[in-house]
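In this note's numbering, the protein residues as written are 45 to 447.
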């Protein structure tokens, strides 16, 4: 009987994990199903480009998975029963259920309105493709001189503001940041960021805590307001709510608690990767929600599952950061080098070369999804204990490796 592996979500992490598992295990031993609501792979790190009007490459998942043996199931996940080992889905034919022996949870995250009044009604998000397309449509209807306010001074907010300002120089673009502009960057990085904002004509409202959003403005904590024909909300991400409803052990924010191999600490037949997982990185700090964090967790989980099923050696590769890659429109970029635990160091790459670097990173991330062994040959190994290997090993990976 084949070992049934179900991967939920075909973003960077889910699609990568499914493809890597398919190249690690014999097809006759496993049935790998990738469940996703859309037929196309979405380059989430380019949503700000899509929102600003750029045409992106069409990437059908069926083509990316061709020849791997992974079955693509187009359906929306509506629930997970971890006690019965079943996933509830809804597709064009109605409701259904998929049973699993091993589950990889990669449903990721969505925008987080932080509970700010008026945000859900009046603000737009770019965390998902539908939201980015709505921003794109709204921008196309704006007349010259109208105001666009991007709320959130993190990476997504900076990229959105610069992309929109470059694509629509006739608009009045502003960014509202709770802290200082790029205050986590090195002095060189902050200086370059301000230079680009000045060149693009972006107004930075620093230490501006947005407390409400109206149809034509945003309200700040000091009682002021910023005119906004379009408000783009980029203040962070929230985990898909299904995670909290599964019965898995989760954090207060709904992220699934995992060990060093991305295995749930409460249910050993479940792995969580990407934004949905609470992964401890260098210095005991949780990894931030990002593609830079997600792909290594997918790699770790896929290799751990394959090792447990085949009796191989568990992976023990520390996950660390190297840099933060920020696009500042199509012609400018900022590569901020960081410590292993994501703190900025003095070195930073700026300008056109940084833009090229960021573009290569984006292309590389999409390429890795279709080439999860990075172009290297992979030996498909036989599953040693098809029905039980993934659930009987100790939860502590260190103890398991020593056994």
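Glycine is no exception: its CB is placed at the ideal position from the N, C-alpha and C atoms.
Taking the Cα positions, residue 185 is about 14 Å away from residue 272. Within the same chain, and ignoring the five residues on either side of residue 162 in sequence, the residues whose Cβ sits closer than 7 Å to its Cβ are 256, 257 and 258. Between residue 68 and residue 124, the alpha-carbon positions lie close to 26 Å from each other. DSSP places residue 416 outside both helix and strand once states are collapsed to three, so it counts as coil. In the three-state reduction of the DSSP assignment, residue 272 falls in the coil class. For residue 345, there is no enclosing beta strand (DSSP E); the enclosing alpha helix (DSSP H) has its first and last residue at 335-354.
The distance from the Cβ of residue 427 to that of residue 354 is about 6 Å, consistent with a contact at the 8 Å cut-off. The straight-line gap separating the alpha-carbon atoms of residue 406 and residue 288 is approximately 31 Å.
Considered as a whole, the segment 56-126 harbours 56-68, 91-95 and 105-108 as its complete alpha helix (DSSP H) runs of no fewer than 4 residues, in chain order.
In the displayed model, residue 185 falls within a helix according to three-state DSSP. Per the C-alpha coordinates, the member of 345, 229, 167 and 400 positioned closest to residue 156 is 167. Around the C-beta of residue 122, fewer than 16 other C-beta atoms lie within 10 Å, and the residue is accordingly described as exposed. Contact annotation, residue 47 with residue 112: C-beta distance approximately 16 Å; criterion of less than 8 Å not satisfied.
A residue is called buried when at least 16 other Cβ atoms come within 10 angstroms of its Cβ; residue 411 does not meet this threshold and is exposed. The secondary-structure analysis by DSSP pairs residue 380 across a beta bridge with 368 and 392. The residue among 153, 94 and 91 with its C-alpha nearest the C-alpha of residue 338 is 153. Counting only runs of 4 or more residues that sit fully inside the segment 135-214, the alpha helix (DSSP H) segments are 163-166, 173-185 and 199-211, in chain order. Excluding five sequence positions before and after residue 197, the CB atoms of its chain that fall closer than 7 Å to its own CB belong to 219, 221, 222, 223 and 225, given in chain order. The Cβ-Cβ distance between residue 320 and residue 118 does not fall below 7 Å.
Closest by C-alpha distance to residue 92, out of 209, 305, 130 and 149, is 209.
DSSP places residue 216 in no alpha helix (DSSP H) but in the uninterrupted beta strand (DSSP E) bounded by 216-220.
The beta carbon of residue 342 sits closer than 6 Å to the beta carbons of 57, 60, 61 and 317 from its chain, once the five residues preceding and following it are set aside; these are given in chain order. As the crow flies, the alpha-carbon of residue 366 is around 10 Å from that of residue 388.
For residue 265 and residue 213, the gap between their C-alpha atoms comes out near 29 Å.
Ranked by Cα distance from residue 176, the first of 352, 86 and 227 is 86. Residue 171 and residue 237 have their C-alpha atoms spaced approximately 22 Å apart.
Apart from the 5 residues on each side of it in sequence, residue 229 sits with its Cβ closer than 6 Å to the Cβ of 380 and 388 in its chain, given in chain order. With a contact defined as Cβ atoms closer than 8 Å, residue 94 and residue 173 qualify at about 7 Å. For residue 236, the enclosing alpha helix (DSSP H) has its first and last residue at 231-244. Shortest Cα-Cα distance from residue 104 to any of 281, 397, 192 and 54 involves 54.
If you check the CB distance, residue 235 and residue 372 do not come in under 7 Å. For the options 78, 136 and 408, the alpha carbon positioned closest to that of residue 149 is the one of 78. Per DSSP, the continuous alpha helix (DSSP H) segment holding residue 286 begins and ends at 286-289. For residue 340, the CB contacts under 6 Å within the same chain, skipping 5 residues up- and downstream, are 363 in chain order. Residue state for residue 228 is assigned as coil, using DSSP reduced to three classes.
The C-beta of residue 216 has 16 or more other C-beta atoms within 10 Å across all chains shown, which makes the residue buried.
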